[in-house]
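>
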Amino acid sequence: MFGFLKQKLKDITSKFSKEAEEAPEKQEEIKEEIKEVKVKQEIKVKEKPVKIETKKEQPKKEQVKEQKVKEEIKEKKELPKEPEKKKEESGFVNNNGRFVKDAILTAKPLQEKKELPKEPEVKEIKEKQGFFSRFKEKLTTKQISNEKFEEIFQDLEMALIESNVAFEVIEKIKEDLKENLVNQPLKGNIEDLVKESLLKSLDSILSQESFNLVEKIKQANKPYKILFLGQNGAGKTTTISKISYLLKQNKLSNILVAADTYRAASAEQLEEWGKRLNVKVIKQNYGADPAAVAFDGLRYAESHNIDVVLIDTAGRQHSNTNLMNEMKKIIRVTQPDLKIFIGESITGNDVIFQLNEFKEFIDAVILTKVDVDEKGGTPLSVSYVTKKPIIYLGTGQELDSLELFNKDKILKNLGIKD
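Converting from the sequence shown to the numbering used here requires adding 451 to each position, the first position being numbered 1.
As structure tokens, then:
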């Protein structure tokens, strides 16, 4: 089960991931930060010509002629240390007899103070550039366009249709994926993001809470009455026998009621199961009133302190007005505590159509022949479209081949949950 759909979901996840990785990267927010660093560099570079201007003040005292300006500039470039020696020897004696250095010497420490911080400032700029570069790499994002999404989703849509997934479910999955993936900044492992988005969507589709039938019966008043509905050939009688076996395993006594008085050999089939299970079967002749047969079963259960009454009914279609009226009569007479629809998993969207016909009469669903359903889309459709919980899955012909419905197990079998 789910083999085909599981592979398709895996392929589509890889396609979305590949498309996102090939998409152009966006770095809009970080570009602004880099621009700020560039501005700081430009401002600090402009400070360099200030040094030349301050040094030009020295030749004013010596009154150098305009013709020798070029030579002095060359000397300053070639011999930067000589002016320092001259500055140390220069000075004059004031009126008090003290030696005073020239004003140029006092300006030297000021120049040194200005020059000293400049080296760490340049270093600081380099550090900021490195930080923003690393930050940019971490925040690099990718996007999937709407056009590319539609192109890729076509493959998944076809796979879902082939897997018997209802149209409503396909639209739900599409909208969820589009909301999470299209034109959104995708960071990190893209394949994991797509897988997570699929998981959230399918988890919400299977959101109808199931229940444990045995525990429900143990907490209820006795006899607990269960009415089984569905079309012919879906495996109603076999499934009822499996439920009977399950109840016996949990120390709950039960009887079988053959309220299908139309189908040939239906009562005999139920009787055969009763013998194997050592369970009482209540029946009448063919053509009898099904509601009367069901009522006989209730009276027997009450008089014999039976815990559970399992009522089998004839297969019917919504278009058959007489049979639908008969169903309403059985419900009115027996007042069942639980009405269960039994449908074949392999019929795909046909079972959805049947469920919609019986929606007003049913409380829960059991899907049969799941073990031979390679496509696996029916459980997704049943849960979402009908808003009714799936309580069991039939996985074979043996009495113990009835599996409690587990949403997490379904998601794991689809390969999108660890």
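Glycine included, C-beta positions come from ideal geometry on N, C-alpha and C.
#1: Nearest to Val708 by CA position, among Asn736, Asp851, Gly748, is which residue?
#2: Going by CA-CA distance only, name the one from Val784, Gly847, Ser852 that's closest to Val744.
#3: Between the C-alpha atoms of Ala399 and Asn663, what's the straight-line distance to the nearest angstrom?
#4: Give the C-beta separation of Asp822 and Thr846 to the nearest angstrom, bearing in mind that I take them to be a contact with Cβ-Cβ under 8 angstroms.
#5: Within its chain, find whatever has a CB closer than 6 angstroms to the CB of Glu480; leave out the 5 residues flanking it on each side and keep chain order.
#6: So, helix, strand or coil for Val633, using DSSP?
#7: Is the CB-CB distance between Tyr835 and Val620 below 8 angstroms?
#8: To test your reading of the DSSP string, which unbroken beta strand (DSSP E) runs of 3 or more residues are found completely within the stretch 647-692?
#9: According to DSSP, is Thr764 part of a helix, a strand, or is it coil?
#10: Starting from the Cα of Ser754, find the closest Cα among Ile813, Asn705, Glu608 and give me that residue.
#11: Taking DSSP as the reference, what is the three-state secondary structure of Tyr713?
#12: Using beta-carbon positions only, say whether Phe679 and Ile762 come within less than 8 angstroms of one another.
#13: Looking only at its chain, what residues have a beta carbon closer than 7 angstroms to the beta carbon of Leu850, apart from the 5 residues adjacent to it on each side?
#14: Taking the alpha-carbon positions, what's the Thr689 to Gln848 distance?
#15: Output needed for Leu703: all residues of its chain with C-beta closer than 8 angstroms, excluding positions within five of it in sequence on either side, in chain order.
#16: Around the C-beta of Lys838, are 16 or more other C-beta atoms found within 10 angstroms, so that it is buried, or is it exposed?
#17: Could you check where the beta strand (DSSP E) with Gly845 kicks off and where it finishes?
#18: Locate the beta strand (DSSP E) running through Gly794, then write down its first and last residues.
#19: Can you name the start and end residues of the alpha helix (DSSP H) that Glu854 belongs to?
#20: Can the beta-carbon of Ala765 be found less than 8 angstroms from the beta-carbon of Arg727?
#21: Check whether the Cβ atoms of Leu649 and Ile841 sit closer than 8 angstroms, and answer yes or no.
#22: Could you give the residue range of the alpha helix (DSSP H) that holds Ala752?
#23: Under 8 angstroms by Cβ, that's how I've got Lys858 and Leu657 pegged, so tell me the actual separation to the nearest angstrom.
#24: Whole angstroms are fine: how far does the CA of Phe809 sit from the CA of Tyr675?
#25: Are Asn597 and Asn634 close, meaning C-beta to C-beta below 8 angstroms?
#26: Need the endpoints of the beta strand (DSSP E) that Val836 sits in, please.
#27: Report buried or exposed for Asn615, applying the criterion of at least 16 other Cβ atoms within 10 angstroms of its Cβ.
#28: Can the beta-carbon of Ile677 be found closer than 8 angstroms to that of Asp788?
#29: Tell me which same chain residues have a C-beta within less than 6 angstroms of the C-beta of Ser796, skipping the five on either side of it?
#30: Taking the alpha carbon of Leu774 as the reference point, which residue from Ile793, Gly738, Phe804, Gln786 has its own alpha carbon closest?
#31: Which same chain residues end up closer than 6 angstroms to Glu535 when comparing Cβ atoms and leaving out the 5 residues on each side of it in sequence?
#32: Helix, strand or coil, according to DSSP, for Lys593 in the structure here?
#33: Which same chain residues end up closer than 8 angstroms to Gln786 when comparing Cβ atoms and leaving out the 5 residues on each side of it in sequence?
#34: DSSP beta-bridge partners for Val708?
#35: Using CA coordinates, which residue listed in Gln682, Leu460, Ile791, Gln720 is at the minimum distance from Ile603?
#36: With a CB to CB cut of under 6 angstroms and the five nearest residues on each side skipped, what residues in its chain are close to Lys803?
According to the data block:
#1: Gly748
#2: Val784
#3: An answer regarding residue 399 cannot be provided, because it is not within the stretch 452 to 869 covered by the chain.
#4: 4 angstroms
#5: Residue confidence is low: Glu480 scores 45 on pLDDT, short of 50, so the model does not pin down where it sits. Its coordinate-derived value is still stated next. Excluding sequence neighbours, Glu480 sits near nothing in its chain.
#6: strand
#7: yes
#8: 675-680
#9: coil
#10: Asn705
#11: coil
#12: yes
#13: Ser692, Lys693, Tyr696
#14: 8 angstroms
#15: Val665, Ile668, Lys669, Asp758, Val759
#16: exposed
#17: 841-845
#18: 789-795
#19: Here Glu854 belongs to no alpha helix (DSSP H); instead the beta strand (DSSP E) covers 853-855.
#20: no
#21: no
#22: 741-754
#23: 5 angstroms
#24: 22 angstroms
#25: yes
#26: Here Val836 belongs to no beta strand (DSSP E); instead the alpha helix (DSSP H) covers 829-837.
#27: buried
#28: yes
#29: Leu818, Lys820, Val821, Asp824, Thr829
#30: Gly738
#31: Low local confidence applies: a pLDDT of 48 at Glu535 is under 50, so the model's placement there is unreliable, with the coordinate-based value given in what follows. Hits under 6 angstroms: none found.
#32: strand
#33: Lys676
#34: Ile733, Ile762
#35: Leu460
#36: The sequence shown places Ile at residue 803, not Lys. Contacts found: Ala617, Ser832, Val836.
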